[in-house]
Structures are given as C-alpha cells and as structure tokens.
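Since the structure comes first, as structure tokens, the remarks are kept for the end.
Protein chains in written order, with my numbering: chain S, 1 to 137; chain B, 1 to 157.
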C-alpha cells in the first residue's frame with residue numbers, strides 16, 4: 001500500500017508531501033530527501049548505452065521495509081512514491097502518470113504560481129485517492 | 001483533432017495589443033504581452049512534454065522549441081535555427097503568423113515589434129519550464145521574416 005507521495009520542484013523544494021497517518025511522517029520525509037540524491041545521480045550518469053529516455057525511473061534504491069519509486073518530468077518536477085513491501089502496487093507507472101496529469105492541471109490553473117506549495121483541493125484529492133488505491137476516472 | 005480558425009487568435013492577439021496600449025501606454029505593451037506569453041509557454045510545455053521521452057541537452061530543448069512548440073502555436077515548424085555554440089540561438093520564421101497581414105512598408109516597422117512580444121514570452125516561458133532561464137529578443141529585418149534570439153543565461157553542456 002502506498003504510504004507516502006511527494007512532489008518536488010525544479011530547485012528541489014518540496015511542493016507537496018502526503019503521508020499515510022499510520023507511518024512516521026518524518027521518516028518518510030527523510031526517505032524522500034535521500035531519494036532526491038539518487039534521482040539526480042541517475043539523471044546525470046545515464047550513459048548512451050543504458051539510457052531508456054523514460055520519465056519513470058523505477059525503483060530507486062533498496063530498502064528493507066519500503067519500496068521507493070521515482071519519476072522525473074521533462075520540466076524537472078520529481079515525484080517520489082513510497083510503498084510498503086507487503087501489498088505492492090501493481091502498476092507504479094499508472095500512479096505516476098495520474099499524479100503528473102493532476103500536476104499539469106494544476107499548473108494550467110491561473111491561480112497557481114509555479115513553485116508555490118500546493119494547496120489546490122482537486123490535486124490533493126487526486127493524490128489522496130491514489131494513495132488509497134482507488135483508480136481515478 | 002480540430003483546431004479553431006487561426007483568425008480567432010490573430011484577432012485576439014491584435015486586440016490584446018490595443019488594450020494594453022490604451023490602458024498602459026505604448027512603452028508597456030511589449031512587457032505586458034511578454035508576461036502573458038510567458039505563462040502560456042510555461043503551461044504549453046508542461047502539457048506537451050508529458051508523453052515525450054526525456055529531452056536532455058540544451059540543443060535538443062531548443063530544437064524541440066523550433067519544431068514542436070512552433071507547430072503547436074503556429075501550425076508550422078520554424079524555418080531556420082542557428083547557433084554560435086556558446087549558448088546563443090537564433091530561430092528564424094519566414095512567415096511569422098502575426099505579421100503576414102501587415103503591410104511591408106517602413107512605417108509599420110516599429111509597430112510590428114509589438115507583435116512579436118507575445119511570442120518572445122512564449123519562448124521564454126517554455127525554456128524556463130525546461131529549466132533554462134534565458135533572455136529572448138526578436139528582430140524584424142524584413143517582414144514577415146522574424147528572427148528570435150535566445151541567450152541562455154548559463155551554457156552548461
């Protein structure tokens with residue numbers, strides 16, 4: 001089950017963090033923070049041979065209790081999803097795709113300035129629903 | 001996919017210029033149009049790059065602007081791209097959409113500059129969203145040919 005989702009902007013400031021109440025929020029923050037380093041490393045070290053040019057980065061690094069997935073958009077927004085080992089996600093790409101779509105809708109909203117912390121209701125609701133495992137129409 | 005007729009936006013663009021001129025005076029028009037264009041460019045790129053593979057090098061980003069962004073806004077690709085390999089690029093459009101109906105005589109040259117401000121903003125916003133802050137200027141040597149010059153603020157390649 002997904003326990004945490006975070007979106008980070010171009011300058012690596014967190015735009016949005018959501019954590020399941022059953023988990024320690026601080027620990028999730030820390031895990032996401034370290035994942036940003038891993039993401040940057042993956043982005044800068046991709047060689048011509050093994051570079052799939054995909055936005056989805058897959059599992060970022062091994063951890064005994066959690067699986068941590070990363071995704072970076074072409075506009076340098078990083079999305080990290082953490083889930084527990086038990087009850088894994090069937091399709092992490094789908095989750096990222098939906099968070100990305102929600103983010104695009106948010107950016108096109110003239111009342112949102114890019115780089116601000118996200119407080120938009122539709123975005124928050126989409127992410128919360130995704131974390132509970134419900135697919136979005 | 002069907003498009004609204006070009007004339008709709010051409011008319012809106014023209015009216016925006018007249019509106020800002022009436023409201024803020026001629027000196028401010030370019031600035032206002034550029035700010036509007038910035039947000040449009042920013043959002044266009046956010047939407048359009050969702051399905052694209054990762055675009056990496058600065059040159060690839062500028063090529064994307066010339067091909068895909070130009071196609072989205074003007075329904076044609078830019079005609080020419082030059083670079084000096086140190087972070088300056090010049091995009092040339094030989095039939096710039098907002099100037100094709102403007103007469104080519106000298107008296108309208110200065111006014112013509114107001115018509116490229118929005119596009120400069122679009123390019124600036126698009127590049128900003130790719131993470132490449134830059135300055136964008138445009139020259140009209142011979143209408144309707146327009147050259148848009150981008151200078152990246154730090155060339156890291």
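Just so it is clear, CB atoms sit at the ideal spot from N, CA and C, and this is done for glycine as well.
Note that this is a predicted model, so its numbers are computed, not measured.
Open item on the list: Judging by CA-CA distance, which residue of 3(S), 2(S), 6(S), 10(S) is the nearest neighbour of residue 129(B)?
Closed with: 10(S)
Task: Contact set between the segment 50-66 of chain B and chain S, restricted to residues whose Cβ is under 7 Å from the partner - done: 50, 52, 53, 54, 55
- [ ] Keeping to the same chain, check which residues put their C-beta closer than 7 Å to that of residue 132(B); ignore five residues upstream and five downstream.
- [x] 58, 61, 152
- [ ] Go to residue 14(S), then tell me how far its alpha helix (DSSP H) extends in each direction, as first and last residue.
- [x] That residue, residue 14(S), is in no alpha helix (DSSP H); its beta strand (DSSP E) goes 14-19.
Open item on the list: Looking at chain S, is there any beta carbon in it that lies within less than 8 Å of the beta carbon of residue 34(B)?
Closed with: no
- [ ] Output the distance between the C-alpha atoms of residue 54(S) and residue 79(S), rounded to the nearest integer angstrom.
- [x] 14 Å
Open item on the list: Any beta carbon from chain B within less than 8 Å of residue 108(S)'s own beta carbon?
Closed with: yes
Open item on the list: So if I threshold CB-CB distances at 8 Å, which residues from the segment 1-26 of chain S count as touching chain B?
Closed with: 10
Open item on the list: I want to know whether the segment 17-32 of chain S touches the segment 8-24 of chain B - three or more CB-CB distances under 8 Å.
Closed with: no
Task: Cβ contact check for the segment 84-97 of chain S and the segment 105-115 of chain S: 3 or more pairs under 8 Å - done: no
Task: Euclidean distance between Cα positions of residue 40(B) and residue 146(B) - done: 20 Å
Open item on the list: Within 8 Å of any Cβ in chain B, is that where the Cβ of residue 76(S) sits?
Closed with: yes
- [ ] Would you mind telling me which residues of chain B sit closer than 7 Å to residue 122(S), beta carbon to beta carbon, in chain order?
- [x] None at all; the shortest Cβ gap to chain B is about 16 Å.
Task: CB contact check: residue 137(S) to chain B, cutoff 8 Å - done: A caution first: residue 137(S) carries a pLDDT of 40, below 50, which makes its placement in the model too unreliable to give a value.
Open item on the list: Run through chain S and tell me which residues come within less than 7 Å of residue 96(B), C-beta to C-beta.
Closed with: Here the premise fails: no neighbours, minimum Cβ distance about 26 Å.
- [ ] Output the distance between the C-alpha atoms of residue 3(S) and residue 74(S), rounded to the nearest integer angstrom.
- [x] 25 Å
TODO: Would you verify that the beta carbon of residue 48(S) is, or is not, closer than 8 Å to some beta carbon of chain B?
DONE: Because the pLDDT of residue 48(S) is 44, which lies under 50, any placement of that residue in the model is unreliable, and the question is left without a value.
Open item on the list: Can you confirm whether residue 118(B), when its beta carbon is compared against all beta carbons of chain S, has any partner nearer than 8 Å?
Closed with: no
- [ ] Note down, in chain order, every chain B residue with its Cβ under 8 Å from the Cβ of residue 60(S).
- [x] Under the 8 Å cutoff, chain B gives no residues; its nearest Cβ is about 16 Å from residue 60(S).
Open item on the list: Which runs of the alpha helix (DSSP H) at least 4 residues long sit entirely within the segment 88-124 of chain S? Give them in chain order.
Closed with: 92-108
Task: Assigned secondary structure, residue 85(S) (DSSP; H/G/I helix, E/B strand, else coil) - done: coil
Open item on the list: So, for residue 55(B): in the same chain, excluding its five sequence neighbours on each side, which residues have a beta-carbon less than 8 Å away from its beta-carbon?
Closed with: 49, 61, 64, 130
Open item on the list: Cβ closer than 9 Å: which chain S residues qualify as neighbours of residue 9(B)?
Closed with: Those do not exist, as residue 9(B) stays about 17 Å from chain S at its closest Cβ, beyond 9 Å.
Task: Contacting residues, own chain, Cβ-Cβ under 7 Å from residue 108(B) (five flanking each side not counted) - done: 102
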